[in-house]
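A short write-up of the structure that comes next.
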Amino acid sequence: MLQIENLRASIGGKEILRGVNLEVHAGEVHAVMGPNGSGKSTLAQVLAGRESYDVTGKVLYEGEDLLALSPEERAAAGVFLAFQYPVEIPGVGNLYFVRTALNSLRRQQGLDELDAIDFLSLAKERMRLVEMDESFMGRSVNEGFSGGEKKRNEIFQMAVLEPKLAILDETDSGLDIDALRVVAQGVNALRSEGRAMLVITHYQRLLDYIVPDVVHVFADGQIVRSGDKDLALELEQHGYADLEQRATLASAAAPVVGATS
Amino acid sequence: MTDVSSEVREFASREYQYGFVTDLETDVAPRGLNEDVIRLISSKKNEPDWMLEWRLKAYRGWLTMEEPTWQKANYAPIDYQDIIYYAAPKPKVALTSLDEVDPEVLAMFDKLGISLAEQERLSGVAVDAIVDSVSVATTFKEKLADVGVIFCSFSEAVQCHPELVKRYLGTVVPRRDNFFAALNSAVFSDGSFCFIPKGVRCPMELSTYFRINAADTGQFERTLIIAEEGASVSYLEGCTAPMRDTNQLHAAVVELVALDDAQIKYSTVQNWYPGDAEGRGGIYNFVTKRGKCAGVNSKISWTQVETGSAITWKYPGVILQGDNSVGEFYSVALTANHQQADTGTKMIHIGKNTSSTIVSKAISAGHGQNTYRGLVKVLDSASGARNHTQCDSLLLGGDCGAHTFPYVEVKNPTAQVEHEASTSKIGEDQLFYCRQRGIPEEDAVSMIVNGFCREVFKELPMEFAVEAQKLLSVSLEGSVG
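Protein chains in written order, with my numbering: chain A, 16 to 276; chain B, 2 to 482.
This is how it looks when you write it as structure tokens:
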């Protein structure tokens, strides 16, 4: 589903992604773990189409050149990003926002728009998935939401929009254990044959709830190790310091390919 | 990727949608202004002597006054002798019903999306349609007359209800209030007159569409609304003007009077021609709007959505004279291209326990300059007066500006006055969030801007709120692709 080859991204002349290679198949859940500042979130932003970066390399999504698409086209193609810091949009009702999003996607996909009544029953069903109170729906997008409520709202949107590739950027950060359980439960309910997930996290604890098929360790803008779920446990014990050392060695040894602009 | 997205640039260079000219046979006064022109206007309208005298006094006052220069707006000097002060479309026959209205006039309203027939049938809104200076069609008059409401053109009021006009005209905006009000008082051509008698709640929203049509014609409307004890009324005003290269002066005066326990809600959607992308042409909208809460427990509420005009200079205010009276001002002002808006309100607290609320939302794009200027004045008689002011500005792009000039004068120590202000840029983060969800950039900007304005839009009557949102969305159309 997703093939990333030698992806590099820089902002203001500073290179953040330094040659990422990754392959994700439909139905798989990949965890990307790594210390703060290692470029994990940049990877998420670049895949979703954030325009502030200078990007080189190749990203194929279902065989298409993902980097050539605008953010909204990527969304229509089924790419979803659960934001680490969901933004507030004052004055725009949450339910209205999600319905507009869904219908924009449907329009781009050549489907009929859902009317308010059909949408409402869909939304109510998906809200239950993340144990979200209906009172959130009338409030403005993320305005006055607690950290946990914002994250739940992201997973709720994912449940409504039903993406093929979901990227969860530090969805566990700032969550207490109950909220974490609820969010993970929502994510797990959305795991399916046709859907791939890229779960970005700093801590291993999320992976107790969302068990990944593959774990990648990210350091200094690269994937430095990949393995199965046990790799996460290993990291938990030894920390990232050991890995960062390895990354330095790896990048020193890596051949320079496709220099960045 | 620059910091100004293509969306924002498109928005800033949007085209005016109502720029067509209707060919009507027009009856015009000679160019320029002197006492003879005023006498001509007065005689054309078959006015009584007292009305002519009133105009002449205003004119003589105006001659001694200077055009104000304190507002934050730049424009070439106006040659007041190069303006035509009166133009009326010639009706072919005397009008007694909508069927007899000039079909071209009706077609023009249709083009604007204001089909009178449709409004009459569907929405139950009584429309007093004004093309240039003469009221051409008045609907629902009989129904209103049943409950004693008078809703007619100002000219008709002078003929049929002179005692009411005489009693209230100039009591809120005196003849010599300011340069433009004085000019209006001398040459006003027509406008609307509403009188809601004691204890009557007006059974429908009253609505007027103004339209400047003949080239180089200043339009000087005069509107007077009176709500007697316990009466209430909601009045809607919408404006559009055709595209012209030369600037047209629009200097209106609106006076509202609310007696004991009366309520007046006045809503405006102003969409005059703003000029082209280089800042040529467009309306100079220099307007004096003021209400007087003359009675106890009375309430006057102004809601305005200002998206048009090259220059807007307007401060709908409320004089809070009656004890416990309430004044409100809700405003959305949008400036794009080279538009300039200097707008705000004046809340004058005189009575005890009077309160006022000001919510101002300014959106600037392109080279637009948006200024909030507001005065909150609490006199020493106004014990327990309260004011809350909130001014928010939203900037789209890096070439526009937002300015806030709040003036606060408090003479009573028991008064509470609060002022909040914020300025934000339409966030790259917000746009990206929307686009990531599949919402195209153009729709996302429209959504964010409408959200920013929601506090004001929710004050508008339903059909107007829809129109206002449409107007903003239309303004945001035509980017992407």
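Beta carbons: idealized from backbone N, C-alpha and C, even for Gly. A quick note: this is a predicted structure, and the numbers were derived from the prediction, not measured.
Residues that residue i contacts on chain D, provided the C-beta gap is smaller than 8 Å
i               : result
M448 of chain B : Reference to chain D is not applicable here, since the protein chains of this structure are A and B.
Limits of the unbroken alpha helix (DSSP H) element including residue i
i               : result
A91 of chain A  : P86 to A91
Q431 of chain B : E429 to Q437
F221 of chain B : Here F221 of chain B belongs to no alpha helix (DSSP H), and DSSP marks it neither H nor E.
Y111 of chain A : N109 to Q123
F196 of chain B : Unbroken run through F196 of chain B is the beta strand (DSSP E), S193 to I197; no alpha helix (DSSP H).
L58 of chain A  : K55 to A63
F132 of chain A : In the sequence under discussion, the amino acid at residue 132 of chain A is Ile, which differs from the Phe named in the question. Segment A131 to L144, the alpha helix (DSSP H) holding I132 of chain A.
E443 of chain B : E442 to F453
S150 of chain A : S150 to G153
Helix, strand or coil at residue i [DSSP, three-state]
i               : result
G201 of chain A : helix
D228 of chain A : coil
S156 of chain B : helix
Q470 of chain B : helix
A41 of chain A  : coil
L32 of chain A  : strand
K179 of chain A : coil
D243 of chain A : coil
Q370 of chain B : strand
F406 of chain B : strand
Y81 of chain B  : helix
Y316 of chain B : coil
L57 of chain B  : helix
E164 of chain B : helix
N272 of chain B : strand
G72 of chain A  : strand
F180 of chain B : helix
A46 of chain A  : strand
D127 of chain A : coil
M52 of chain B  : helix
Status (buried if at least 16 other CB within 10 Å, exposed otherwise) for residue i
i               : result
H40 of chain A  : exposed
M142 of chain A : buried
I132 of chain A : exposed
C294 of chain B : buried
R32 of chain B  : exposed
T70 of chain B  : exposed
I351 of chain B : buried
T415 of chain B : exposed
G125 of chain A : exposed
G369 of chain B : buried
G125 of chain B : For G125 of chain B, the predicted model reports a pLDDT of 44, less than 50, meaning its position is unreliable; a value from the coordinates is still stated below. Its Cβ having fewer than 16 others within 10 Å, G125 of chain B is exposed.
S356 of chain B : buried
P78 of chain B  : exposed
I364 of chain B : buried
E140 of chain A : exposed
D147 of chain B : exposed
L32 of chain A  : buried
Q237 of chain A : buried
E157 of chain B : buried
H45 of chain A  : buried
M212 of chain A : buried
Y1 of chain B   : Nothing about residue 1 of chain B can be reported from this structure: the residues present for chain B run from 2 to 482 only.
G49 of chain A  : buried
Residue i, enclosing beta strand (DSSP E) - first and last residue
i               : result
Y100 of chain A : Unbroken run through Y100 of chain A: none, as it is neither H nor E.
L396 of chain B : R387 to L397
F287 of chain B : I284 to C294
R23 of chain A  : L17 to I26
D343 of chain B : Q341 to T344
M348 of chain B : K347 to H350
L41 of chain B  : Not the beta strand (DSSP E): L41 of chain B falls in the alpha helix (DSSP H), residues E36 to K45.
W303 of chain B : K300 to E307
G328 of chain B : V327 to T336
E158 of chain A : Here E158 of chain A belongs to no beta strand (DSSP E), and DSSP marks it neither H nor E.
A263 of chain B : Note, A263 of chain B: premise wrong, no beta strand (DSSP E); not H, not E.
Heavy atom of the ligand FAD within 7 Å of residue i beta-carbon
i               : result
H368 of chain B : You won't find the ligand FAD in this model; it holds no ligand whatsoever.
ask   = Per the contact definition of three or more C-beta pairs closer than 8 Å, is the segment 415-422 of chain B in contact with the segment 452-462 of chain B?
value = no
task = Would you check if there are 3 or more beta carbon pairs closer than 8 Å linking the segment 199-210 of chain B to the segment 171-185 of chain B?
result = no
Three CB pairs or more closer than 8 Å across the segment 308-320 of chain B and the segment 343-357 of chain B = yes
query = Between the segment 209-223 of chain A and the segment 184-195 of chain A, do three or more beta carbon pairs fall short of 8 Å?
reply = yes
key: Stretch pair the segment 169-178 of chain A + the segment 93-104 of chain A: three plus CB contacts closer than 8 Å   = In short, these stretches touch, since the Cβ pair count reaches three.
ask   = Does the segment 192-206 of chain A touch the segment 112-131 of chain A, meaning 3 or more C-beta pairs lie closer than 8 Å?
value = no
inquiry  = Counting beta carbon pairs with one atom in the segment 280-288 of chain B and one in the segment 429-449 of chain B, are three or more of them shorter than 8 Å?
reply    = no
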